[in-house]
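The sequence shown begins at 1 in UniProt numbering and counts up one residue at a time. Input: a single structure, listed below in structure tokens.
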Amino acid sequence: MKISTDVKTGCKVQTKSWKSPDDPSNGNFVQGIEPFSIPKGVIWNNNQIYFRTGPWNGRIYIGLINVNRVYFDGFYVVADDVEKTYYETYEYSTDSRLIYFELESNGRYVERIWDAGKADWINGYSSYLTDCDVYGKCGAFGICDSTKRPICSCLKGFKPRNIEEWSRGNWSSGCFRTTPLHCQRDNNNGSEAGQGDDGFLKLKKMKVPAFPDQSSITNGECKDQCMKNCSCVAYAYDAGIGCMLWSGDLIDVQKFSNRGVDLYIRLPSSELGKLVFHIDHVCFINHVSGLADKWNRESSIGVKLQQLPLFNFEELATATNFHPQKKLGQGGFGPVYRGTLDDGKEIAVKRLSKASGQGLEEFMNEVAVISKLQHRNLVKLFGCCVEAEEKMLVYEFMPNKSLDAFLFDPVKQKLLDWRKRFNIIEGISRGLLYLHRDSRLKIIHRDLKASNVLLDQELNSKISDFGIARIFGGDENQANTKRVVGTYGYMSPEYAMHGRFLEKSDVFSYGVLLLEIVSGRRNTSFYNKDDLSLLGYHYSKIYF
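If you want it as structure tokens, here you go:
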């Protein structure tokens, strides 16, 4: 069996697929060999590359993760430099072994081996194992990793070209460089390339990008050759091939769990030198929208404590799709969506709305406060996402949403008998006591209300939303502000009118919340014939 390409004549011997498993007419897929600068196997779909093996290094195609040197028991690629012909041949070491190859109608190239014991054909090598094997799945400067969700992400120093498409799982638009290479900026300014200002990021166990240029120089000189050429954006080295160099877009980059080669991506020193800070359970990356600089001015930073994941936008977009049907609610910060991570963990994603009255200050404040707190009656923060204009907080998912969804619903409130209501009150009390007295930091919540109390599967209550909470230090027990924030109807008079808040401010809100839980009536919507609110009504019954 021989698959070949004659460069001089253009003649090719190729394998074609059937149109369908039941239709033997010519299908859409063709398999053959392309010389390019280095021979490689390719499958086309209607003249577009659908799959590639990676370059041939004299023993194997280095872009195939599941093959060994003798994976076809005598397979090799021959390059006839005189005739300019490249061909794949199969010479078997034993006539007793029956093997054939099939290009299926769906584009998968499969090895079939006869198993005499089973008296049946079994599958050997397959060109398609995961979605990452589809050529260019993640677009230019994207990297595909089948072990992650989503499978596509941008290389370091790059970000999605079309955020909306990426959020829907369409990564074909790829990524673009966020910071120009220093040598490009120097050349544009008419000066010599600043070679020392660029460096290389090492990625291990990679399927190298398509269309490399080959050089016979040694491994030690490969880096220098790439650095001297400003158009060179990556390099790799294989002993059987030599130095491989890339200019232009990097297409079809894939992360392998084993095998692969080391790929070096050219980046400006500012990208290579970025620092990662861990703030209790949340980590931020410096230089992202200037957040780290602002954080340094407002909070202590640099203390490396236990780290929770910094989620990327694509991961959360895949988990939630930000679909209206997955929307759990809407607050001052923005919408909250239900999502499921790749490991099956359910999450709630709070996404800052561009139209929100809250912003960076509230976002950073909530991270600073809740990342320092651990209590069974406080909602748990899993991590955050900070990318471009996107700011998101990732919490544990509370299946019964917020207390107000039960308390003020004519149907659901019937499920809250007195025992359940008492347990909810007790949980809120424990959480508030922890904030005020038992935690290592004294926290004033400043927005305690029914919609900020979440309920788990057993209707246990947990306090949430610390966007406007205030940390008190030392002997401090009260503070004043000119910016009164919170929810009217729950604010204490001294806070609403004079901006003074202390523990008693939360206690006042807690009292209003107790009245709502006991009565099942919302304070701000209760009016009787004397035009009294729920709070005013109970006050009049007690004192008059």
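The beta carbon of each residue, even a glycine, is placed where N, CA and C say it ideally should be.
| Bridge partners of I463, per DSSP? | L378, V453
| task | Pull up the DSSP beta-bridge partners for Q14, would you. | result | None; Q14 has no bridge partner.
| CA-to-CA distance, S231 to T15, given in whole angstroms | 37 angstroms
| query | Nearest to S126 by CA position, among I113, E165, C138, is which residue? | reply | Among I113, E165, C138, the Cα nearest to that of S126 is on I113.
| task | Using only the heavy atoms of the ligand ADP, determine whether one of them is closer than 8 angstroms to the beta carbon of D197. | result | By its list of ligands, the structure shown contains no ligand whatsoever, and the ligand ADP lies outside what it can speak to.
| When the Cα atoms are used, what is the spatial distance from A348 to D252? | Distance between A348 and D252, taken at the CA atoms: about 33 angstroms.
| task | Kindly indicate which three-state DSSP category N423 falls into: helix, strand or coil? | result | helix
| task | Check W114 in the structure and name its three-state DSSP category. | result | Secondary structure of W114 (DSSP, three-state): strand.
| Using CA coordinates, which residue listed in S353, L316, I241 is at the minimum distance from G329? | The residue from S353, L316, I241 with its alpha-carbon nearest to that of G329 is S353.
| field | Buried or exposed by the 16-neighbour rule on C-beta atoms within 10 Å, applied to C11 | value | Result: exposed.
| query | So the beta strand (DSSP E) W166 belongs to, where does it begin and stop? | reply | That residue, W166, is in no beta strand (DSSP E); its alpha helix (DSSP H) goes 163–167.
| field | Nearest-angstrom beta carbon gap, V369 and I444 [assumed within contact, 8 angstroms] | value | The Cβ separation is near 10 angstroms, so there is no contact.
| Is there contact between the region 385–394 and the region 496–511, where contact requires at least three CB pairs shorter than 8 angstroms? | no
| task | Just list the beta strand (DSSP E) runs in the UniProt domain "Apple" (183–268), keeping only unbroken ones of 3 residues or longer that don't cross its boundaries, in chain order. | result | 198–207, 213–215, 232–238, 242–247, 253–255, 261–268
| message | By the three-class DSSP mapping on this structure, what secondary structure does M398 have? | response | coil
| What distance in whole Å lies between the Cβ atoms of I62 and P55, which are believed to be in contact at a cut-off of 8 angstroms? | 6 angstroms
| field | CB of L454 within 9 angstroms of CB of N523, strictly | value | Contact flag unset, no.
| message | Using only the alpha-carbon positions, how far apart do G240 and P39 sit? | response | Between G240 and P39, the alpha-carbon positions lie close to 12 angstroms from each other.
| query | G511 by DSSP, collapsed to three states: which one? | reply | helix
| field | DSSP-derived helix/strand/coil call for D23 | value | Look at D23 here: in three-state DSSP terms it is strand.
| Can you list, in chain order, the residues of its chain whose CB lies under 6 angstroms from that of R430, leaving out five sequence neighbours each side? | Closer than 6 angstroms at Cβ, skipping near neighbours: N377.
| Expressed to the nearest angstrom, what Euclidean distance is found between the alpha-carbon atoms of S167 and S247? | 28 angstroms
| field | Collapsed DSSP secondary structure at T318 in the structure displayed | value | Three-state DSSP puts T318 in a helix.
| Which residues bound the alpha helix (DSSP H) around S496? | Going by the sequence as given, residue 496 is Ala instead of Ser. First-last of the alpha helix (DSSP H) with A496: 493–498.
| message | Taking the alpha-carbon of G157 as reference, which of K118, T179, Q184 has the nearest alpha-carbon? | response | T179
| field | Inter-residue Cα distance where the pair is S173 and K380 | value | For S173 and K380, the distance between alpha carbons rounds to 36 angstroms.
| field | Beta-carbon proximity of I428 to Y510, cut-off 9 angstroms | value | In this structure, I428 sits near Y510, with a CB-CB distance shorter than 9 angstroms.
| field | K345 (DSSP reduced to helix, strand or coil) | value | coil
| task | Measure the alpha-carbon distance for L272 versus I43 and round it to whole angstroms. | result | 36 angstroms
| task | Put V411 into one of helix, strand or coil per three-state DSSP. | result | coil
| Residue range of the beta strand (DSSP E) that I38 falls in? | No beta strand (DSSP E) holds I38; DSSP gives it neither H nor E.
| Once you ignore the five residues that flank D238 on each side, which residues in its own chain have a CB closer than 8 angstroms to its CB? | The beta carbon of D238 sits closer than 8 angstroms to the beta carbons of P55, N57, I62, M244, V261 from its chain, once the five residues preceding and following it are set aside; these are given in chain order.
| DSSP three-state assignment for K391, whether helix, strand or coil | K391: strand per DSSP, three-state reduction.
| request: Name the residue from R440, K255, A140 whose alpha carbon lies nearest to the alpha carbon of K204. | output: K255
| query | What do you reckon, are the CB atoms on R266 and F408 nearer than 9 angstroms? | reply | no
| said: Please classify M497 as buried or exposed, where buried requires at least 16 other C-beta atoms within 10 Å of its C-beta. | reply: exposed
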